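There are 2 protein chains.
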Amino acid sequence: MSLPSINRVCSEKVISDVVTILGKMLLRNGGKIPLHEPEFSGNEEKLLVDCLRSTYVSSVGRYVDEFEQALALACGVNHSVAVVNGTAALQVALRIAGVNVNSEVLMPSFTFVATANAAHYLGGIPHFVDISEKTLGIDPIALRERLNEIAEVKDGKLINGQTGRTISALLPMHTFGNPCDMEALLSVAKDFDLPLIEDAAEALGSQYHGKPCGSFGAMAAVSFNGNKIITTGGGGAILTNDPELARQAKHLTTTSKLPHQWEFVHDQIGYNYRMPNINAALGVAQLAQLKLKVKSKRALANQYQRMFAGIQNVRIFEEVDGSESNYWLNTLILNEDNAVKRDELLEELNNIGILSRPAWTPLHTLDIFAQCPRGKLSLTESLFSRVVNIPSSANLVRDISV
Amino acid sequence: MSLPSINRVCSEKVISDVVTILGKMLLRNGGKIPLHEPEFSGNEEKLLVDCLRSTYVSSVGRYVDEFEQALALACGVNHSVAVVNGTAALQVALRIAGVNVNSEVLMPSFTFVATANAAHYLGGIPHFVDISEKTLGIDPIALRERLNEIAEVKDGKLINGQTGRTISALLPMHTFGNPCDMEALLSVAKDFDLPLIEDAAEALGSQYHGKPCGSFGAMAAVSFNGNKIITTGGGGAILTNDPELARQAKHLTTTSKLPHQWEFVHDQIGYNYRMPNINAALGVAQLAQLKLKVKSKRALANQYQRMFAGIQNVRIFEEVDGSESNYWLNTLILNEDNAVKRDELLEELNNIGILSRPAWTPLHTLDIFAQCPRGKLSLTESLFSRVVNIPSSANLVRDISV
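Note that the protein sequences, when read in sequence, are chains U and P.
Take the position in the first sequence, starting the count at 1, then add 28; the result is the number in the working numbering.
Take the position in the second sequence, starting the count at 1, then add 28; the result is the number in the working numbering.
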């Protein structure tokens, strides 16, 4: 297979540079390169079969317990509660934090729709704040400015003076696996007495100042969807150090049923969110490979960084000092002059089989969230117009060791 | 193993009668008899392994498609949409039917909490109606009386005159797999212009007048939880004959993302409810055994019916003419004089290893639903005090063929 004839279809310098560099991967890979694919090179088959033969495939079983324990250990927290997906984990964490009808949740607009949906399911309202180009997560300075502008304390509650609604939680998201500036965000949360919940859906295995993402907030949500660093098919978990919050999370996710040998009494509106044992069996096997996957993905990121060193008009995102990203998705950022070429670049890359995508359409620009309160979102909009995620599977590092 | 010395601990005639009859199962089974356990005697292992090796374990994959097609065929409908569980299926069906904030949903109080939770998640309000002793599902006569008492049409909408709220849907549940009187319920729904959604969580494989449960309403929800007649670990599905409703269900359960090669645009508040492919693989293998399981469970019910023939003070529930129940859970009903002995009977049965349970605590008696509107619920309360579900696994019929 020879390199696609790039120059014929694409005359722009930045596009041809990127396509030339990434095109080398095609030579070694021999075909389409997915954005992110799972790999099952551990005990997955053995544990799945064992789980099936035990007949405990559903919401009770030893793999759920084992997965929760291993996950808590991997994330440096005391407790984890495994659920059906990351969205469910977020919803439950927000509910426990006190989000309810008409309360506002501070979050990025630069995120997957689940972040905002989770608040909406509870009757809550997303309140969007801008992100930082350094981390791609909530900018602590913009956040503090926004709160100084709108926040008041009334009857002991933090209120948005412009809407009259309670501000109930701060929900930063570690974008593409890259840790937010947690020290600064925790300081804002403390100053405004706001519970901080981490949306760590993409950041399993990432670290900030030597501590795992997901271990900083009162609670955190992680995801094990098929496109994540490890997968359970579909799945997620709530992480926390607080035994009482963990108890609440377990209770709410198992229909809030009070323990009894046979009676069905439910003391709150709960959810049918427990992770099935068969999915947890897959998770136990996958989790055992997490460190290796992080290592591979960091090696891939490093490779990309070398490949793109010295290229004009586009840079590859690199973690800041003190952060260790799992580089869930590697990220090209076009310079502002070249933002207009993003779609052409996406078109070109996808056409030749290098599956790539832009960031999520900023949530405040979707009709469903257009009425939500927000600060200025200039970096969100600028970065959205310039970001392209490129293939980032853990197994890819072997294929591109050029 | 010898029979437990029943007469020593239990002097009541009805209890000793039941325990003597069911005690025979222990002799053959050699230990504890679960209420309902899954059995994997088909291609489960093969398909799970195949799914894993394909790497498509998550929300896209051929097993999801295959499962949906086979399920639609089994349920006599044109479309099915596979989701994470029966609760999610109910929620989505109700949303599509138009249930939203402050709309009332007519449903039994004699049901699992998920039926009411599904309405609550949408801001809807359960409105409880009584059940019939013949079917254990909503009593069409009580329903019609209740609607005649409270319903008015205002601006083309059905309103509860007592609360001023819209009545948006009728949600009968096929209790323990026994079909409701669908003909009469559909007639009420038609007369009051109410969309009818079937909660068929327990009734996969049951038939009414020769047609499968789940094929009568505008939509239906089924469940594949571990305790159901077939299982996907955790799972459920929305059933419908209407291609447009199926399209909406698929769209809402996949985050309402508009199809595009790379863009993330979501046009409604959606859900992350898609069934993972690994769970669907299990489902494909299980579904192939549905007919056999229904046959075994009906043979078991028949066996129970013979065992309890002629016993005083307690009867075993039998389907009415025109219904073919899957007998998901077999049901003993104490006569009214013996209702006081229900807990003693449960205690005794569970103590000797015959795992048994009462019906769900009626939802209107739970604090969380105590304020919901309701008609008279005398049969609901009476039956709750008298019902005991006994072991009903499909594989049990072999063990008790006495």
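Virtual Cβ for every residue (Gly too), placed ideally from N, Cα, C.
Computed from a predicted structure; not experimentally measured.
Cβ contact check for the stretch 334 to 342 of chain U and the stretch 146 to 158 of chain U: 3 or more pairs under 8 Å
no
Leu-198/P: which of Asp-395/P, Ala-246/P and Lys-369/P sits nearest, CA to CA?
Ala-246/P
Do you know whose CA, among Leu-377/U, Cys-400/U, Val-425/U and Thr-408/U, lies nearest Ala-417/U's CA?
This sequence places Asn at residue 417/U; Ala is not what is there. Of the listed residues, the one whose Cα sits closest to Asn-417/U is Leu-377/U.
From the beta carbon of Pro-304/P, is the nearest beta carbon of chain U less than 9 Å away?
yes
Let me make sure I understand the geometry here. Which of Arg-370/P, Gly-184/P, Gly-114/P and Asn-358/P has the alpha-carbon closest to that of Arg-414/P?
Arg-370/P
Measure the alpha-carbon distance for Ser-82/P versus Leu-76/U and round it to whole angstroms.
14 Å
Whose Cβ in chain P lies nearer than 8 Å to the Cβ of Trp-388/U?
Phe-292
Could you tell me whether the Cβ atoms of Leu-362/P and Phe-138/P are closer together than 9 Å?
no
With burial defined as no fewer than 16 other Cβ atoms inside 10 Å of the residue's Cβ, what is the status of Ser-69/U: buried or exposed?
exposed
Show which residues of chain U have a CB atom less than 9 Å away from the CB atom of Gln-289/P.
Leu-374, Glu-375, Asn-378 and Arg-385
Going by beta carbon distance, what residues of the same chain come within less than 6 Å of Asn-366/P, once the five residues before and after it are set aside?
Val-42 and Asn-341
CA-to-CA distance, Ser-86/U to Leu-280/P, given in whole angstroms:
25 Å
At 4 residues or longer, and completely inside the stretch 202 to 235 of chain U: list those alpha helix (DSSP H) runs for me, N to C.
210 to 219
Measure the Cβ-Cβ separation of Ser-324/U and Pro-207/U and say whether it is below 9 Å.
no
Which same chain residues end up closer than 6 Å to Ser-284/P when comparing Cβ atoms and leaving out the 5 residues on each side of it in sequence?
His-294, Asp-295, Gln-296 and Gly-298
Using CA atoms only, rank isn't needed, just tell me which of Glu-40/P, Arg-402/P, Leu-267/P and Ser-351/P is closest to Gly-242/P.
Leu-267/P
Around the Cβ of Val-47/P, are there at least 16 other Cβ atoms within 10 angstroms (buried) or fewer (exposed)?
buried
Between the stretch 341 to 359 of chain U and chain P, which residues of the former have CB atoms less than 9 Å from a CB of the latter, in chain order?
none
Of all the beta strand (DSSP E) runs that stay within the bounds of the stretch 251 to 322 of chain U, which reach a length of 3 or more residues?
264 to 268
Could you tell me the boundaries of the beta strand (DSSP E) in which Asp-198/U lies?
Before going on, a small fix: residue 198/U reads as Leu here, not Asp. Segment 195 to 198, the beta strand (DSSP E) holding Leu-198/U.
Interface residues of the stretch 53 to 79 of chain U facing chain P [CB-CB below 8 Å]
Glu-65, Pro-66, Glu-67, Phe-68, Glu-72, Glu-73, Leu-76 and Val-77
Helix, strand or coil, according to DSSP, for Asn-358/P in the structure here?
strand
Cβ of Arg-81/P within 9 Å of any chain U Cβ
yes
Strictly under 9 Å for the Cβ-Cβ distance: is Ala-231/U near chain P by that measure?
no
So which of Leu-328/U, Ser-406/U, Val-312/U and Phe-397/U has the shortest CA-CA distance to Asp-93/U?
Val-312/U
Between the CA atoms of Gln-119/U and Gly-263/U - distance to the nearest angstrom
14 Å
In or out: Lys-256/P buried (at least 16 other Cβ within 10 Å) or exposed?
buried
Do we get a CB-CB distance below 9 Å when we pair Tyr-236/P with the residues of chain U?
no
Assuming Asn-145/U is part of the alpha helix (DSSP H), what are its boundary residues?
141 to 149
I'd like the list of long-range same chain contacts for His-237/P, defined as Cβ closer than 6 Å, with 5 residues on each side in sequence excluded.
Gly-350
Would Leu-175/U and Phe-220/U be called neighbours here (beta carbons separated by less than 9 Å)?
yes
So, Thr-259/U versus Met-201/U, is the Cβ gap smaller than 9 Å?
no
Could you name the residues of the same chain whose beta carbon sits closer than 7 Å to that of Phe-252/P, not counting the 5 residues immediately before and after it, in chain order?
Ile-258, Thr-259, Thr-260, Gly-263, Gly-264 and Gly-311
Could you check the C-alpha separation between Val-111/U and Leu-328/P for me, to the nearest Å?
35 Å
Tell me whether Glu-352/P sits in a helix, a strand or coil according to DSSP, three-state version.
strand
Alpha carbon of Gln-399/P to alpha carbon of Val-129/P, nearest angstrom:
16 Å
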